[in-house]
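Here the structure comes first, spelled out in structure tokens, and everything after it is commentary.
Residue numbers (full-length UniProt numbering): 1 to 431.
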């Protein structure tokens with residue numbers, strides 16, 4: 001017999017966006033085309049060193065859509081890092097002790113345990129919520145900048161509202177601490193708790209008064225009142241805030257953003273933090289823009305701005321240009337010395353790619369990128385949100401009528417001409 005409590009959480013092992021395979025217990029990162037980044041595949045806490053084992057299992061590096069949808073799941077929310085770490089620790093324990101297990105049952109049990117942590121007690125929330133409320137300063141940071149930004153929006157005629165799956169006692173305690181005032185409700189035109197997203201976007205469940213639960217029908221939203229439940233259709237009728245006039249700040253790609261964006265045209269902003277400061281709420285304002293707030297982005301940018309990282313990236317790109325050019329040379333130019341040099345470049349390229357990966361996370365690399373391609377997680381952010389940033393208060397640096405003009409996305413056959421045009425050297429382009 002063993003107890004999970006004996007495990008020590010390692011916050012540096014996993015990243016968000018990984019995929020877990022129900023059939024073999026592999027944990028891995030894949031790119032936007034469902035290709036496996038081979039050196040990220042782990043069984044337990046150990047990487048699979050023989051990549052041929054992975055290639056043989058999937059008959060290549062690509063995971064077919066049917067297999068991906070039926071035999072794997074993505075750990076993409078705020079709790080995915082501890083969940084992925086716990087899964088890996090359990091798999092490792094079973095391997096070390098020669099215990100038989102099925103990876104799907106293991107995953108199901110971990111998911112069930114997570115649900116227990118969130119299961120409501122005394123209308124407040126699960127064990128996790130109770131622990132947060134006992135020592136809220138450990139999990140939340142006061143945010144006067146956020147308060148100032150919301151107040152700025154309201155002074156300029158924007159309508160704001162808060163929509164959360166959490167209970168009223170939990171939200172009230174958290175928002176009071178976050179905003180340093182018990183009058184936090186005054187920051188919003190409407191507050192909705194226990195929303196049950198993503199069902200909120202699909203159901204016909206009516207709204208209910210949360211302060212004094214009764215059986216009366218809610219026909220309007222009154223200032224200072226808090227409501228629970230509801231659905232998006234009634235919400236749009238009661239507020240007249242519809243479609244692309246809504247900018248949505250959410251904390252979960254699938255529960256918050258997919259239906260809001262695809263089914264109802266809301267502009268979506270993903271809030272993704274490892275502390276509870278932005279997890280505590282989802283808020284919206286009445287505006288025409290769209291984006292994503294990803295806390296991990298700040299660390300990624302910090303690493304990418306380091307001189308050592310930029311030097312390695314520059315050298316990698318240089319090596320790849322040289323290797324590409326060498327392939328167009330006549331075979332007459334190839335000598336033993338050149339072949340040796342090309343082999344050294346290929347080996348060095350492989351090593352630099354590993355160093356660029358481990359700069360972000362030793363086991364899985366960047367949350368946003370494999371090697372050449374965006375990660376599967378990053379592709380979902382790009383699909384369901386128009387812009388992304390590290391903190392919602394970054395928007396306070398911009399005017400309220402600021403327009404984000406997207407960069408041109410180049411197709412492979414366009415890149416040469418467009419890059420020359422961008423550089424101002426169009427006169428040098430020949431037919």
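Glycine included, C-beta positions come from ideal geometry on N, C-alpha and C.
Only a predicted model underlies this, so the values are computations on that prediction, with no experimental measurement involved.
Worksheet item: Whose CA, out of 352, 343, 296, lies closest to the CA of residue 315?
Response: 352
Worksheet entry | Own chain partners of residue 319 with C-beta closer than 8 Å, once the 5 adjacent residues on each side are dropped | 345, 348, 349, 352
Item to complete: Over the uninterrupted alpha helix (DSSP H) stretch that includes residue 234, give me the two end residues.
Response: Per DSSP, residue 234 is one residue of the alpha helix (DSSP H) stretching across 232-239.
Discussion item. Between which residues of its own chain and residue 221 is the CB-CB distance below 6 Å, once the five residues before and five after are set aside?
Written reply: 190, 238
Worksheet item: Closer than 8 Å: is that where the CB of residue 206 sits relative to any heavy atom of the ligand MN?
Response: Ligands in the displayed structure: none, and consequently the ligand MN is not present.
Worksheet item: Looking at residue 209 and residue 192, is the spacing between their C-beta atoms short of 9 Å?
Response: no
Worksheet entry | DSSP state of residue 162 mapped onto helix, strand, coil | strand
Fill in: residue 46 - partner residues in DSSP beta bridges
43
Worksheet item: How many angstroms separate the CA atom of residue 200 from the CA atom of residue 234?
Response: 10 Å
Worksheet item: Using 8 Å as the threshold, is the stretch 125-141 in touch with the stretch 370-382, meaning 3 or more CB pairs across them?
Response: As far as the Cβ criterion goes, the stretch 125-141 does not touch the stretch 370-382, which means the pair count is below three.
Discussion item. Using 9 Å as the threshold, is the C-beta distance between residue 365 and residue 15 below it?
Written reply: yes
Worksheet item: Whose C-beta lies closer than 8 Å to the C-beta of residue 55 among residues of the same chain, with five residues either side of it excluded?
Response: 38, 61
Fill in: Residues that DSSP places opposite residue 168 in a beta bridge
Answer by DSSP bridge pairing: none, since residue 168 is not bridged.
Fill in: Strand pairing of residue 369, partner residues [DSSP]
Per DSSP, 374.
Fill in: Same chain, Cβ closer than 8 Å to residue 104, five either side skipped, listed in chain order
Hits under 8 Å: 22, 23.
Discussion item. For residue 178, tell me which candidate among 155, 144, 160, 12 has the shortest Cα-Cα distance.
Written reply: 144
Fill in: residue 75 classed as buried or exposed, judged by whether at least 16 other C-beta atoms fall within 10 angstroms
buried
Item to complete: Please report the residue range of the alpha helix (DSSP H) in which residue 336 lies.
Response: 336-358
Practice prompt. Flag this pair as yes or no: are the beta carbons of residue 392 and residue 249 separated by less than 9 Å?
Written response: yes
Item to complete: Kindly identify the DSSP beta-bridge partner or partners of residue 18.
Response: 75.
Worksheet entry | Same chain, Cβ closer than 8 Å to residue 369, five either side skipped, listed in chain order | 375, 378
Discussion item. Do residue 108 and residue 7 have their beta-carbon atoms positioned less than 9 Å apart in this structure?
Written reply: no
Discussion item. Please state the DSSP three-state secondary structure of residue 27.
Written reply: strand
Worksheet item: Apart from the five residues just before and just after residue 31, which ones in its own chain have a Cβ nearer than 7 Å to its Cβ?
Response: Excluding positions up to five away in sequence, the list reads 37, 370, 373, 374, 375, 376.
Worksheet entry | Boundaries of the beta strand (DSSP E) in which residue 209 is found, first to last residue | 207-209
Worksheet item: Helix or strand or just coil, what does DSSP make of residue 132?
Response: Three-state result, residue 132: helix.
Practice prompt. Identify, in the order they occur along the chain, each residue of the same chain with its Cβ nearer than 7 Å to the Cβ of residue 355, setting aside the five sequence neighbours on each side.
Written response: 312
Fill in: Assigned exposure category for residue 81 - 16 Cβ within 10 Å defines buried
buried
Worksheet entry | Beta-carbon proximity check, residue 13 vs residue 84, cutoff 9 Å | yes
Fill in: Outcome for residue 287 when other beta-carbon atoms lying within 10 angstroms are tallied against a minimum of 16
Residue confidence for residue 287 is low, a pLDDT of 45 falling below 50, so the modelled location carries little weight; the figure read from the coordinates is stated next. Per the 10 Å Cβ criterion, buried.
Worksheet item: Does the separation of the CB atoms of residue 230 and residue 195 fall below 9 Å?
Response: yes
Item to complete: Rank 92, 172, 57 by C-alpha distance to the C-alpha of residue 164 and give the top, closest one.
Response: 172
Item to complete: Consult DSSP for residue 407 and reduce its assignment to one of helix, strand or coil.
Response: coil
Discussion item. If I follow the unbroken beta strand (DSSP E) through residue 228, where does it start and stop?
Written reply: 226-229
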